[in-house]
Amino acid sequence: MIRESVYMRWAKEHAEARYNLANSGLLGCTTGDLELALDDVLVNGPSRDGYPPLLEAIAERYGVGTEQVALGIGTAGANFLAFAALVEPGDEVLVERPTYEPLLAALGFLGADIKRFPRRFEDGYRLDLDAVRAAMSSRVKLIVITNPHNPSGVTLPTEEMVQLGEIAAAAGTRVLVDEVYRDLLVEHGPPSHAHLGPMFVATSSLTKSYGLSGLRCGWVLSDEHLAGRIRRVRDLMEAVGSVTADGIAVAAFRQLSRLHERASSILEPSLRLVHDFLREHEDVLECVVPARSMTVFPRLKKQVDSQELHDRLRPETSIVPGHFFDDPRHFRLGFAVRSDDVAAGLARLSRVLRG
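Letter by letter, the sequence shown follows residues 3 to 357 in the numbering used here.
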């Protein structure tokens with residue numbers, strides 16, 4: 003049985019650098035980025051299954067009822083609660099490859115029998131729906147996918163996700179979509195995958211798209227029955243949540259438009275730098291380049307293991323070696339930070355690649 007996330011432990015102990023291209027989230031907000039009133043900062047308040055104004059804010063933002071919202075400690079906590087409510091030891095769970103390793107670690111910890119289906123570089127990381135169908139069995143309880151994709155940044159079209167939902171519905175199973183990047187990267191379509199049908203379960207937070215990781219405000223959107231089961235699992239972990247953090251999160255939801263503008267102003271210059279960098283290094287790198295993303299997942303043309311590249315970049319610059327995503331020839335770049343830092347990190351990466 004899996005007892006830890008090797009990626010998360012590595013990220014906490016080894017990813018920090020002057021030019022951190024390993025971080026996959028937005029540059030963190032400061033208190034100056036939020037307009038807070040004293041009444042927004044609470045010490046105590048009602049929080050049986052979450053601070054009611056926060057549940058209402060999430061429900062309004064994503065067009066669901068409050069009874070469909072269950073809170074978690076960030077997206078990671080939301081994913082774990084949903085997995086614990088849905089999966090019994092020995093149940094088969096289909097998970098995309100490559101994917102975000104903590105998803106696998108959480109499922110393994112809960113005793114799931116993890117099966118994989120491919121999202122291939124050669125196919126632009128699109129879904130191979132035939133491969134999903136071939137992997138289905140009567141023991142499959144859940145399909146797990148990230149959209150936008152972590153690590154590649156690719157966003158699957160709604161039509162493709164609907165087809166995945168149809169496969170799940172025919173087998174009597176569900177699809178959990180970690181959609182934590184969706185708010186910043188997806189401009190059209192429904193506000194959440196939860197609107198695509200009753201078989202969809204969606205998880206997200208205020209972390210990646212808004213730079214509010216310290217609030218640990220995550221959630222699951224599902225049908226009312228499953229949301230209730232998730233709340234019962236949460237009872238095992240905490241009697242009440244942090245009303246102080248939840249009150250500030252409510253204030254953040256009131257300001258999402260302005261926070262979205264801040265996020266875009268940080269991301270866009272860095273995204274242009276990364277696109278230019280990838281074009282200028284096509285002799286040593288190949289990459290599926292999304293039009294809009296917070297991460298990319300280049301593949302080395304000449305080297306077989308990006309761990310060596312990472313080690314040569316340290317301690318000044320960090321990237322995420324591809325072995326954390328089951329493909330050591332790749333590495334993940336995150337760039338939703340100050341463009342000056344991105345430029346300096348990419349310059350260092352260029353020197354090492356050319357060296």
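From the three backbone atoms N, C-alpha and C, an ideal C-beta is built for every residue, glycine too.
Here's a check: name, in chain order, each residue in its chain whose Cβ is nearer than 7 Å to the Cβ of residue i, leaving out the five neighbours to either side.
| i | result |
| --- | --- |
| leucine 214 | Cys31, Leu208 and Ala254 |
Whose C-beta lies closer than 8 Å to the C-beta of residue i among residues of the same chain, with five residues either side of it excluded?
| i | result |
| --- | --- |
| glycine 117 | Note that residue 117 corresponds to lysine in the displayed sequence, not to glycine. Around lysine 117: Glu94, Val95, Leu96, Val97, Ala137 and Val142. |
| isoleucine 250 | Leu36, Leu38, Asp42, Val43 and Leu217 |
| proline 308 | Residue identity differs from the one stated: residue 308 is serine in this sequence, not proline. Within the same chain, serine 308 has close Cβ partners Leu302, Ile321, Pro323, Gly324, His325, Pro330, Arg331, His332 and Phe333. |
Residue i and residue j: beta carbons closer than 7 Å?
| i | j | result |
| --- | --- | --- |
| leucine 311 | arginine 331 | no |
| glycine 155 | valine 252 | no |
| phenylalanine 279 | proline 153 | no |
| valine 286 | leucine 355 | yes |
| methionine 10 | tyrosine 183 | no |
| arginine 218 | glycine 47 | no |
| alanine 53 | proline 193 | The displayed chain sequence assigns tyrosine, not alanine, to residue 53. No, they are not a contact pair. |
| alanine 349 | leucine 269 | no |
| threonine 68 | alanine 61 | yes |
| proline 317 | phenylalanine 333 | no |
| arginine 135 | proline 120 | no |
| leucine 144 | alanine 265 | no |
At the level of alpha carbons, what is the spacing between residue i and residue j?
| i | j | result |
| --- | --- | --- |
| glycine 174 | valine 45 | 44 Å |
| threonine 148 | tyrosine 127 | 11 Å |
| valine 235 | glycine 74 | 10 Å |
| leucine 40 | tryptophan 221 | 25 Å |
| glutamate 161 | arginine 314 | 42 Å |
| leucine 238 | leucine 83 | 10 Å |
| leucine 88 | threonine 205 | 14 Å |
| alanine 196 | leucine 109 | 21 Å |
| leucine 178 | alanine 17 | 28 Å |
| arginine 122 | valine 8 | 23 Å |
| leucine 28 | tyrosine 212 | 6 Å |
Going by other Cβ atoms of all chains shown within 10 Å of its Cβ, with 16 needed for buried, is residue i buried or exposed?
| i | result |
| --- | --- |
| valine 43 | exposed |
| lysine 14 | exposed |
| proline 200 | exposed |
| valine 306 | exposed |
| valine 164 | exposed |
So who's on the other strand from residue i, going by DSSP bridges?
| i | result |
| --- | --- |
| phenylalanine 202 | Val177 |
| glycine 336 | Thr297 |
| isoleucine 147 | Val179 |
| proline 323 | Phe333 |
| leucine 112 | Note: leucine 112 sits in no beta bridge, so no partner. |
| lysine 117 | Leu96 |
| tryptophan 221 | Leu73 and Ser206 |
Among the residues of its own chain, which have a CB less than 6 Å from the CB of residue i, if the five just before and after it don't count?
| i | result |
| --- | --- |
| aspartate 248 | Tyr53 and Leu56 |
| histidine 151 | Tyr127 |
| asparagine 25 | Gly336 |
| asparagine 22 | Ser320 |
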